[in-house]
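Take a look at the structure below.
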Amino acid sequence: MYSSIKPLDHYYVLLRDGSLAVVTGNWHVDYCIVGYVKYRPSGRPTQWSGRGGVFYERLVKTYGANTVREHTSWSTYVPFFDSHVPCIPLTQVDGLLDPLKRSMEALRKASDGLESTAVEVLLDVSVSTGVLPGITGSLLPGIHNPHYSDLDLVVYGLRESIHVVEYLASNKHTYMAFNGEKLNMWAKNAALSTGLSPRDILKFYRNWRRGVFRGKEYSFMYNDGVYRNVMLMPAFRSIGVARIVLDAYGGPMALNYPAQASILSYRLVESLTRIPYDIERLLSYEAVYMTGLYEGGRFEAEGLVQCSNHLETCRMILGTYEYKGFMRYYG
């Protein structure tokens, strides 16, 4: 039974106690799904309600390694990350909710205004690119509030993701960028979570990540759509914190979670420990940086350095529970 469970990023997991968890990334363990519990049944009315009149309480209200860790009942040590990561034991899983299946369901019949808006986006994107996005967020389990919930979509496959990114970026009249107070509020909230200034944050904003479609806020997530057993991947060890100025090679692997980019060259600015190998990759669990890593460029970054003796390489990782770090455009 459990061997057939192959969740991907932004699937939802239905737990045996009725709670709902979000899958984070495509790297998982054979006995648990990397992710966190986001909603649980509530005994009082809330803005999230599902079939049968069940109300849900949202546990994780702001995103970040610390807030997710606070609401994690289970975790497991993963050598590839050299960290205990939040995960959902397969013994607690009652079912998986697939974003693509939810899209097909909405296309057959939209039950409210938010689903109707989702269908408009699905039809427009799929006709224009040949790619059908999946529906995620509170709309996936059907606990959304048509008046207050946003539209969250996910694209599977790197080639498919590139097609959608290019389409959204070239159609700003339909997929409108935040502006004015909405843009300033987004930058302020992202600045609070990253420690950067709103001015630095604004440089990472792109309409292909989030924006407004016919008055409704949307977000698009992307990934390669390939399930992996992270326990089969080589071990890394954290050796300390460093600050570097780097030239990142942009590319579609940055669309995964965590975002990833190859480092073409770098200059070490500060480190309290000796780094045994070249820092060849940058990984970020902070989603704000994904757009910059996808497009590439020169950045200043401070993060946790992890090295693999087996691969004779090091990497810098941002946005973890162990060390938040930062990244900003340089020059």
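All the letters of the sequence shown, read from the start, carry residue numbers 3 to 333 under the numbering used here. Using N, Cα and C, we set each Cβ at its ideal position, and we do this for glycine too. Being a predicted model, the structure only gives us computed values, none of them experimental.
Listed in chain order, the non-local C-beta contacts of L102 below 6 Å within the same chain comprise G136, local neighbours out to five positions each way being set aside. Contact annotation: the region 22–30 does not touch the region 236–256, with fewer than three C-beta pairs closer than 8 Å.
The beta carbon of E314 is closer than 7 Å to those of Y279 in its chain, skipping five residues each way along the sequence. Within the same chain, Cβ atoms closer than 8 Å to the Cβ of V123 are found at P135, L153, L155, F215, Y220, the five residues on either side in sequence being excluded. Residues V31 of the same chain have their beta carbon placed closer than 6 Å to that of M233, with the five preceding and five following residues left out of the count. In this structure, S128 sits away from S140, with a CB-CB distance that is not shorter than 8 Å. A261 is not a Cβ neighbour of G252, given a cutoff of 8 Å. Between V25 and P9, the gap from beta carbon to beta carbon is short of 8 Å.
Straight-line spacing of the CA atoms in Q308 and E288 works out to 17 Å. Across the set T64, S130, S85, the C-alpha of S85 shows the shortest separation from the C-alpha of E324. Burial is judged here by how many other beta carbons sit within 10 angstroms of a residue's own beta carbon; K174 has fewer than 16 and is exposed. Around the beta carbon of E304, 16 or more other beta carbons sit within 10 angstroms, so the residue counts as buried. For P200, the enclosing alpha helix (DSSP H) stretches over residues 200–204. Scanning I319, M223, P143 for the CA closest to the CA of S51 turns up P143. One alpha carbon belongs to Q49, the other to H12, and they sit about 21 Å apart. Residue ranges of uninterrupted alpha helix (DSSP H) with 4 or more members, entirely inside the region 103–143 and ordered along the chain, are 115–131.
Beta bridge pairing from DSSP links A23 with V15, V39. Within its own chain, the residues whose Cβ lies closer than 8 Å to the Cβ of Y58, once the five positions on either side in sequence are excluded, are L22, Y41, R42, P43, S44, T48, W50, S51, G52, I145, listed in chain order. Inside the region 41–95, DSSP marks whole alpha helix (DSSP H) runs of 4 or more residues at positions 67–72, from first to last along the chain.
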